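A.B. asks: Sequential numbering from 191 applies to the sequence shown in this note's numbering. We put the CB at the ideal spot given by N, CA and C, even for glycine. Note that the structure is a prediction, hence the values are computed from the model and not measured. Please see the structure below; I have some questions.
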Amino acid sequence: MTRLDRWMHTTMNRGEAAALHATARRRRAVVAAHIALTAAAVGAWLGSVVGDRFWCTLAPAVLVLPWCVAMGVINGATRGLLELRDRMLDERQLAERAAVRARAHTLTTWLFAGAAAGAGAVAWFADVEADVMLFSVLFVVLVVLVVHWMMPAWVAGLTVRDEPDDDFPGE
191 MTRLDRWMHT
201 TMNRGEAAAL
211 HATARRRRAV
221 VAAHIALTAA
231 AVGAWLGSVV
241 GDRFWCTLAP
251 AVLVLPWCVA
261 MGVINGATRG
271 LLELRDRMLD
281 ERQLAERAAV
291 RARAHTLTTW
301 LFAGAAAGAG
311 AVAWFADVEA
321 DVMLFSVLFV
331 VLVVLVVHWM
341 MPAWVAGLTV
351 RDEPDDDFPG
361 E
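Next comes the structure, spelled out in structure tokens:
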């Protein structure tokens, strides 16, 4: 085990922020906040690309810190399931990671199919100019790419089980 592996394992298994992800309700709230922060950052970045708004260029820089904190809480809740190398995980964790990735891949496949169907329906039934349609398709592709990138973390954060209590019943 390398020094980096030990540091990553230690970082992902620290207990200081355990209260932030101790219950399923808190984990759902953190994942929802992370989804909202991701959407806001992508939307602001796209607004800075096509718009003249100064706040659109500053918003991703302002959102990066809370986004990183939320991502850290998700990683802490999953004990680094998606971040640690294979050799750092046991067989159960490897199987859990494979299941999370498979579920996330299925969800993003359906999302991409729906986005493609929606873009196709708009192109077929609406009288849209070519440049607007091109931007819309690129927007959809970017959004699906970001969701595909983040979906395993969101699924892992939503499906992780509560830690068992240290106290035994009757004590």
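With DSSP collapsed to three states, give me the class of Asn203.
C.D. replies: DSSP places Asn203 in coil when its eight states are reduced to three.
A.B. asks: If you compare alpha carbons, which of Ala229, Met191 and Val220 is closest to Val330?
C.D. replies: Answer by Cα proximity: Ala229.
A.B. asks: Does DSSP put Val148 in a helix, in a strand, or in coil?
C.D. replies: There is simply no residue 148 to check, as the chain begins at 191 and stops at 361 in what is shown.
A.B. asks: So for Ala288, helix, strand or coil by DSSP?
C.D. replies: Ala288: helix per DSSP, three-state reduction.
A.B. asks: Excluding the 5 residues preceding and the 5 following Thr298 in the sequence, name in chain order all residues of the same chain whose CB lies nearer than 8 Å to its CB.
C.D. replies: Cβ neighbours of Thr298 beyond the five flanking positions: Val334, Val337, His338 and Met341.
A.B. asks: Taking its Cβ as the centre, do 16 or more other Cβ atoms sit within 10 Å of Ala316, making it buried, or is it exposed?
C.D. replies: Label assigned to Ala316: exposed.
A.B. asks: Helix, strand or coil, according to DSSP, for Leu335 in the structure here?
C.D. replies: If DSSP states are grouped into helix, strand and coil, Leu335 belongs with the helices.
A.B. asks: Run the CB neighbour count on Met191, radius 10 Å, all protein chains shown included, and call it buried at 16 or more, exposed below.
C.D. replies: With fewer than 16 other Cβ atoms within 10 Å, it is exposed.
A.B. asks: Since I believe Val345 is in contact with Arg217 (beta carbons under 8 Å), could you give me their beta-carbon distance rounded to a whole number of angstroms?
C.D. replies: Not confirmed; about 12 Å, so no contact.
A.B. asks: Can you tell me the Cα-Cα spacing of Ala278 and Ala251, whole angstroms?
C.D. replies: Before going further, note that residue 278 is Met rather than Ala in the sequence given. Met278 and Ala251: Cα-Cα distance of roughly 33 Å.
A.B. asks: Around the Cβ of Gly347, are there at least 16 other Cβ atoms within 10 angstroms (buried) or fewer (exposed)?
C.D. replies: Result: buried.
A.B. asks: Just curious, the alpha helix (DSSP H) that Thr228 is in, first and last residue?
C.D. replies: Run containing Thr228: Ala214 to Val240, per the alpha helix (DSSP H) assignment.
A.B. asks: Using CA atoms only, rank isn't needed, just tell me which of Leu332, Ala303, Arg269 and Val322 is closest to Asp352.
C.D. replies: Cα-wise, what sits closest to Asp352 is Arg269.
A.B. asks: Between the C-alpha atoms of Phe358 and Ala212, what's the straight-line distance to the nearest angstrom?
C.D. replies: Here the model assigns Phe358 a pLDDT of 45, short of 50, so the residue's position is not dependable and the matter cannot be decided.
A.B. asks: Do you know whose CA, among Arg275, Ala231, Leu271 and Trp245, lies nearest Cys258's CA?
C.D. replies: Considering only alpha carbons, the answer is Ala231.
A.B. asks: Given a threshold of 16 other Cβ atoms within 10 Å of its Cβ, counted over all protein chains shown, does Met202 qualify as buried or as exposed?
C.D. replies: With 16 or more Cβ atoms within 10 Å of its Cβ, Met202 is classed as buried.
A.B. asks: Only counting the same chain, and skipping five residues up and downstream in sequence, which positions put a Cβ closer than 7 Å to that of Ala305?
C.D. replies: Once the five neighbours on either side are set aside, the close Cβ partners of Ala305 are Val330 and Val334.
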